[in-house]
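Engineer: So that we are looking at the same thing, I have put the structure below in structure tokens.
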Amino acid sequence: MLTKDVIDFYGTKIAVARALGISPSAVTQWKEIVPEKQAYRIQRMMGGKLKINPRLYQVQEVLKAKKL
1 MLTKDVIDFY
11 GTKIAVARAL
21 GISPSAVTQW
31 KEIVPEKQAY
41 RIQRMMGGKL
51 KINPRLYQVQ
61 EVLKAKKL
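Just so we're aligned, residue 1 is where the sequence shown starts under the numbering used here, counting upward by one.
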């Protein structure tokens, strides 16, 4: 799930933070991809209106492993 898509859906980073019960600074720390745990929460909360793409997280793990 892309951070841009979530922010576009909610309108602002503050609205995203409120919906998830986290601080706006936590949302600001997200990079291009929403952290996996939060992405699954968002998908459940939105009833599938925003969907997680598991491949994004698989690619992310491969890239992390290559850096080690």
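Note that the Cβ used here is the ideal one computed from N, Cα and C, for glycine as well.
State the DSSP-derived secondary structure class of leucine 63, mapped to helix, strand or coil.
Structural biologist: DSSP places leucine 63 in helix when its eight states are reduced to three.
Engineer: With contact counted as at least three CB pairs below 8 Å, one residue from each stretch, are the stretch 1 to 11 and the stretch 38 to 53 in contact?
Structural biologist: Segments in contact, yes.
Engineer: Along the alpha helix (DSSP H) that carries glutamate 36, what are the first and last residues, could you check?
Structural biologist: Counting along the chain, the alpha helix (DSSP H) containing glutamate 36 begins and ends at 36 to 45.
Engineer: Look up leucine 50 in the DSSP assignment and say whether it is helix, strand or coil.
Structural biologist: Leucine 50 falls in the coil class under three-state DSSP.
Engineer: On the DSSP bridge assignment, give the partners of isoleucine 33 in chain order.
Structural biologist: DSSP, once it has assigned bridges, lists Leu2 as partnering isoleucine 33.
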